[in-house]
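J.: The structure follows.
Number of protein chains: 2
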Amino acid sequence: MKLYGYFRSSAAFRVRIALNLKGLDYETALINLTTAEHLTDDYRRVNPQGRVPALVHNDTVLTQSLAIMEFLEETHPEPAFLPESATARARVRALANIIACDIHPLNNLAVLNYLSGPLSASDEQKTTWYRHWVSEGFNAVEPLLAQDSATGDFSHGDAPGLADICLVPQVFNAQRFDCDISPYPTIDRIFNNCMALDAFDAAQPSKQPEAADIA
Amino acid sequence: MKLYGYFRSSAAFRVRIALNLKGLDYETALINLTTAEHLTDDYRRVNPQGRVPALVHNDTVLTQSLAIMEFLEETHPEPAFLPESATARARVRALANIIACDIHPLNNLAVLNYLSGPLSASDEQKTTWYRHWVSEGFNAVEPLLAQDSATGDFSHGDAPGLADICLVPQVFNAQRFDCDISPYPTIDRIFNNCMALDAFDAAQPSKQPEAADIA
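This is the structure:
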């Protein structure tokens, strides 16, 4: 498998964690978002949407991180990203979707560029925007984790899963924009439990080969 | 089952279609987004995130439309929203996610309110913003549909599924903001095929009981 990604893309970060957790070997291809390599004809031949990640598997190009993770879950069921019961699976997917649908899309590079471009937002306005959507989303996630006995060492029980895979890159992004994490002790606890695992640690942005060259 | 929703919420619209396609009976509860009823303590006791839809099923509250639809698929497999093979399922989920993650989150009411509030965007700037993300997303979806032989009368084959359920409400929203649909003939064709089905037609905003009172 070949993963087209970028060290700071949190959607690519999710897929790196997922591949690591499933114990799958993969090679990586760097798509430099800061030089708009994702918008080149070469990359659009891989993923016409011009976004990362894309995972190439047996000549099939898989896109959209949530769809890729469901694919990995279906094709490599162990260790499981999702619990067994349908209601528990719905809980985990809902937690993942709060991050993947309600936080991350508002804070990705294309949106921040639109804010500073057509909307002439200042850097301060962009940072306020960024923190606003992180806090809106984490304000929802924190009680869903803290007040549910299904939460364990991880978002659901004592093994990492789909919600954790989405949560960790979002916490990294929040830290990068100096968001205050102190109102979210359960998120912080789970984040630390995740980062103690090699699968999460090895996937983090600073440990990707391109990090030293680009950062 | 009881669906908390709002006629114009496209995430609630998705779940209405999904319930109709599965042939499931449900009662509806109106949460009026224009009077901020979703942010009341009463509604937050149902869904602490204060968003619609929420589907209550046997005392379990399900949230996030994508998670709800996966739940319905798992608990009521027929008629199927997803094809059988893992790669085909990944294709359908990726199409759904382009809409649910890359278009819709940028254009929902909370975001439009932020644009006109803290960012002081004009109505014209908001409309331009709206159309920008629709065209970015539809520019990705159209070739993925038009250039893939897996596309049939619907986004995948000749039966409606998860991608169609996400696509139709997005086309409604696009029409409401006078987005130009002419560059997307395949989307338009599939939209019309969907709307010829009772399950989609009965779910549309104008056919919800609150539409006449609020619009």
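If you read the protein sequences in the order shown, they are chains A and B. Under the working numbering, the final residue of the first sequence carries the number 215; numbering is consecutive throughout. Under the working numbering, the final residue of the second sequence carries the number 1215; numbering is consecutive throughout. No residue lacks a Cβ here, since even glycine has one placed at the ideal position from N, Cα and C. Predicted, not measured: the structure shown is a model, and the values here were computed from it.
#1: Check the Cβ of residue 1100(B) against every Cβ in chain A and list those closer than 7 Å, keeping chain order.
#2: Rounded to whole angstroms, how far is the Cβ of residue 95(A) from the Cβ of residue 89(A), which I believe are closer than 8 Å?
#3: Using DSSP bridges, identify the partner residues of residue 1151(B).
#4: Could you tell me the distance, in whole angstroms, from the CA atom of residue 170(A) to the CA atom of residue 53(A)?
#5: May I ask which residues mark the beginning and end of the beta strand (DSSP E) holding residue 1004(B)?
#6: I need the straight-line Cα distance from residue 111(A) to residue 105(A), nearest angstrom please.
#7: Out of curiosity, what's the CA-to-CA distance linking residue 1059(B) and residue 117(A)?
#8: DSSP state of residue 197(A), grouped into three classes?
#9: Helix, strand or coil for residue 1210(B)? Go by DSSP, reduced to three states.
#10: Please check the pair residue 167(A) and residue 1048(B), which I expect to be a contact at CB under 8 Å, by giving their CB distance rounded to whole angstroms.
#11: Is there a Cβ of chain A sitting closer than 7 Å to that of residue 1097(B), yes or no?
#12: Which one or two residues does DSSP pair with residue 1061(B) in a beta bridge?
#13: Quick one: any contact between the stretch 68-77 of chain A and the stretch 8-21 of chain A, if contact means 3 or more CB pairs under 8 Å?
#14: Residue 111(A) touches chain B at which residues, Cβ-Cβ below 9 Å?
#15: Between residue 164(A) and residue 155(A), is the Cβ-Cβ spacing less than 7 Å?
#16: If you scan the stretch 1056-1127 of chain B from start to end, which runs of the beta strand (DSSP E) of 3 or more residues do you find wholly inside it?
#17: Going straight from the alpha carbon of residue 1098(B) to that of residue 51(A), what length do you get?
#18: Give the straight-line distance between the Cα atoms of residue 1031(B) and residue 1063(B), rounded to the nearest whole angstrom.
#19: With DSSP as the reference, please indicate the residues paired to residue 30(A) in a beta bridge.
#20: Thinking just about the alpha-carbon of each residue, which of 1061(B), 1174(B), 1208(B) and 1034(B) is nearest to the one in residue 1044(B)?
#21: When DSSP labels each residue in this structure, what does residue 179(A) get in the three-state scheme?
#22: Does chain B have any CB closer than 7 Å to the CB of residue 94(A)?
#23: Any beta carbon of chain C sitting closer than 7 Å to that of residue 1070(B)?
#24: Compare the C-beta of residue 90(A) against all C-beta atoms of chain B and say whether one is closer than 7 Å.
#25: Where does residue 25(A) sit, in a helix, a strand or coil, going by DSSP?
#26: In three-state terms, what does DSSP make of residue 1174(B)?
#27: What span of residues does the alpha helix (DSSP H) with residue 1044(B) cover, start to end?
#28: Pick out whichever of 1092(B), 1084(B), 1129(B) and 1004(B) has its Cα sitting closest to the Cα of residue 1046(B).
#29: Does DSSP put residue 146(A) in a helix, in a strand, or in coil?
#30: Does the CB of residue 220(A) have a neighbour CB from chain B at under 7 Å?
#31: Tell me whether residue 202(A) sits in a helix, a strand or coil according to DSSP, three-state version.
#32: Taking just the CA atoms, how far does residue 174(A) sit from residue 131(A)?
#33: Closer than 7 Å, CB to CB, is residue 48(A) near chain B or not?
#34: Pull up the distance between the alpha-carbon of residue 1027(B) and that of residue 1203(B), whole angstroms please.
#35: Please report the distance separating the alpha-carbon of residue 1057(B) from that of residue 7(A).
#36: If the cut is a Cβ gap below 8 Å, which residues of chain B does residue 86(A) touch?
T.: So, from the listed chains and residues:
#1: Position 100 of the second sequence, counted from the first residue, corresponds to residue 1100(B). Within 7 Å Cβ-Cβ: 101.
#2: Locating residue 95(A) in the first sequence gives position 95, counting from the first residue. Locating residue 89(A) in the first sequence gives position 89, counting from the first residue. At roughly 11 Å, the Cβ-Cβ gap does not stay under 8 Å, so residue 95(A) and residue 89(A) are not in contact.
#3: Translated into positions along the second sequence, residue 1151(B) becomes position 151. Answer by DSSP bridge pairing, in chain order: 1157(B).
#4: Here residue 170(A) refers to the residue found at position 170 when the first sequence is read from its first residue. Here residue 53(A) refers to the residue found at position 53 when the first sequence is read from its first residue. Distance between the alpha carbons of residue 170(A) and residue 53(A) is about 16 Å.
#5: In the second sequence, the residue the question calls residue 1004(B) occupies position 4. Per DSSP, residue 1004(B) belongs to the beta strand (DSSP E) from 1002-1005.
#6: Translated into the one-based positions of the first sequence, residue 111(A) becomes position 111. Translated into the one-based positions of the first sequence, residue 105(A) becomes position 105. Their Cα atoms are separated by approximately 8 Å.
#7: The residue given as residue 1059(B) occupies position 59 in the second sequence. The residue given as residue 117(A) occupies position 117 in the first sequence. CA-CA distance, residue 1059(B) to residue 117(A), rounds to 47 Å.
#8: To locate residue 197(A), count along the first sequence from 1; it is residue 197. Here residue 197(A) sits in coil by DSSP.
#9: Start at 1 with the first residue of the second sequence, and residue 1210(B) comes out as number 210. The answer is coil: DSSP assigns residue 1210(B) none of H, G, I, E or B.
#10: Looking up residue 167(A) in the first sequence gives position 167. Looking up residue 1048(B) in the second sequence gives position 48. That pair is no contact at about 17 Å.
#11: Within the second sequence, residue 1097(B) is the residue found at index 97, counting from 1. Taking Cβ atoms only, chain A reaches closer than 7 Å to residue 1097(B), which makes this a yes.
#12: Taking the first residue of the second sequence as 1, we reach residue 1061(B) at position 61. The secondary-structure analysis by DSSP pairs residue 1061(B) across a beta bridge with 1056(B).
#13: Yes, the stretch 68-77 of chain A touches the stretch 8-21 of chain A.
#14: Translated into the one-based positions of the first sequence, residue 111(A) becomes position 111. 1106 and 1133, listed in chain order.
#15: As a first step, residue 164(A) is located in the first sequence; it is residue number 164 there, counting from the start. As a first step, residue 155(A) is located in the first sequence; it is residue number 155 there, counting from the start. With contacts defined as CB atoms closer than 7 Å, residue 164(A) and residue 155(A) qualify as a contacting pair.
#16: Taken in chain order, the whole beta strand (DSSP E) runs of length 3 or more contained in the stretch 1056-1127 of chain B are 1060-1063.
#17: Residue numbering aside, residue 1098(B) sits at position 98 when the second sequence is read from its first letter. Residue numbering aside, residue 51(A) sits at position 51 when the first sequence is read from its first letter. So the alpha carbons of these two residues sit roughly 10 Å apart.
#18: Here residue 1031(B) is taken as the residue at index 31 of the second sequence, counted from 1. Here residue 1063(B) is taken as the residue at index 63 of the second sequence, counted from 1. Their backbone Cα atoms lie some 14 Å apart in a straight line.
#19: Reading the first sequence from its first residue, position 30 is the one you call residue 30(A). Beta-bridge pairing links residue 30(A) to 5(A).
#20: Locating residue 1044(B) in the second sequence gives position 44, where the first residue counts as 1. When only C-alpha atoms are compared, the closest one is 1061(B).
#21: Against the first sequence, residue 179(A) aligns to sequence position 179. When DSSP states are grouped into helix, strand and coil, residue 179(A) belongs to the coil group.
#22: For the purposes of this step, residue 94(A) is taken as residue 94 along the first sequence, with counting starting at 1. At a cut-off of 7 Å between beta carbons, residue 94(A) contacts chain B.
#23: Of the protein chains in this structure, namely A and B, none is chain C.
#24: Numbered from 1 along the first sequence, position 90 holds the residue referred to as residue 90(A). In terms of beta-carbon proximity, residue 90(A) lines the interface with chain B, with at least one pair separated by less than 7 Å.
#25: Numbered from 1 along the first sequence, position 25 holds the residue referred to as residue 25(A). The answer is coil: DSSP assigns residue 25(A) none of H, G, I, E or B.
#26: In the second sequence, residue 1174(B) corresponds to position 174, counting from 1. Helix at residue 1174(B).
#27: Along the second sequence, read from residue 1 onward, the residue named residue 1044(B) stands at position 44. Run containing residue 1044(B): 1041-1046, per the alpha helix (DSSP H) assignment.
#28: Start at 1 with the first residue of the second sequence, and residue 1046(B) comes out as number 46. Of the candidates 1092(B), 1084(B), 1129(B) and 1004(B), the residue whose Cα lies closest to the Cα of residue 1046(B) is 1004(B).
#29: As a working note, residue 146(A) is residue 146 in the first sequence. Taken through DSSP and simplified to helix, strand or coil, residue 146(A) comes out as helix.
#30: Examination of residue 220(A) is not possible in this model, given that chain A is present from 1 through 215 alone.
#31: Taking the first residue of the first sequence as 1, we reach residue 202(A) at position 202. In the structure shown, residue 202(A) adopts coil according to DSSP, grouped into three states.
#32: Taking the first sequence and counting its residues from 1, one reaches residue 131(A) at position 131. Taking the first sequence and counting its residues from 1, one reaches residue 174(A) at position 174. A straight-line Cα-Cα distance of about 7 Å links residue 131(A) and residue 174(A).
#33: For the purposes of this step, residue 48(A) is taken as residue 48 along the first sequence, with counting starting at 1. By this cut-off, residue 48(A) is an interface position.
#34: Along the second sequence, read from residue 1 onward, the residue named residue 1027(B) stands at position 27. Along the second sequence, read from residue 1 onward, the residue named residue 1203(B) stands at position 203. Going from the Cα of residue 1027(B) to the Cα of residue 1203(B) covers about 13 Å.
#35: Translated into positions along the second sequence, residue 1057(B) becomes position 57. Translated into positions along the first sequence, residue 7(A) becomes position 7. Those two C-alpha atoms are separated by around 41 Å.
#36: Residue mapping note: residue 86(A) aligns to position 86 of the first sequence, counting from 1. Think of a sphere of 8 Å around the beta carbon of residue 86(A): the chain B residues whose beta carbon falls inside it are 1071, 1074 and 1075, in chain order.
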